[in-house]
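Have a look at the structure below before the remarks.
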Amino acid sequence: MSGVLTAGEVAGLIAATGWIVLVCVLAMVLVKLARLLTETTKMVSDLSERVVPLLEDVTVTVNEANRQLVAVEAITQDVKQVSSHAAKLSGVTQTIFTGPLIKVSALSYGVRRAIQARRPRRAVRRHR
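Numbering-wise (the working numbering), the sequence shown opens with residue 262 and increments by one.
And the structure:
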């Protein structure tokens, strides 16, 4: 065997070297991809640990808001009833007081007119 490589052997050596470089590059890419997946898994796990308590807090807050809305609805119903009763009371009060007041004022007007009609007319003094 001679020490000189043939063209086919050089081509084979270049191809083998290319494959070795390609395998090394792919190995580095796979290692980086594995690190990325590991970090992503950690981040998702941390996010899950943080989201669960937040969701529980949101649930508690929504339940409290619903409870407060029920209380406000009850207060609104009570206010509606009170205003209805006040309107009825106002109507009754108006009926009780307005009718007799009109009658009294009509009577006093009639009495005044009757008294004026019975008095003789006085002469109007003229001041100059």
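Backbone N, C-alpha and C define an ideal beta-carbon position, used for all residues, glycine too.
These numbers were taken from a predicted model, which means no experiment stands behind them.
Mapping the DSSP letters down to three states, classify residue i as helix, strand or coil.
i	result
R380	coil
V265	coil
Please report the distance separating the alpha-carbon of residue i from that of residue j.
i	j	result
I275	E300	37 Å
A272	W280	12 Å
L297	L316	28 Å
S351	Q338	20 Å
I357	Q329	42 Å
T302	K293	14 Å
Does any C-beta atom of chain B lie closer than 8 Å to the C-beta of residue i?
i	result
G352	The structure shown contains no chain B, having only a single protein chain.
Using a 10 Å radius around the Cβ and a threshold of 16 neighbouring Cβ atoms, would you call residue i buried or exposed?
i	result
T278	exposed
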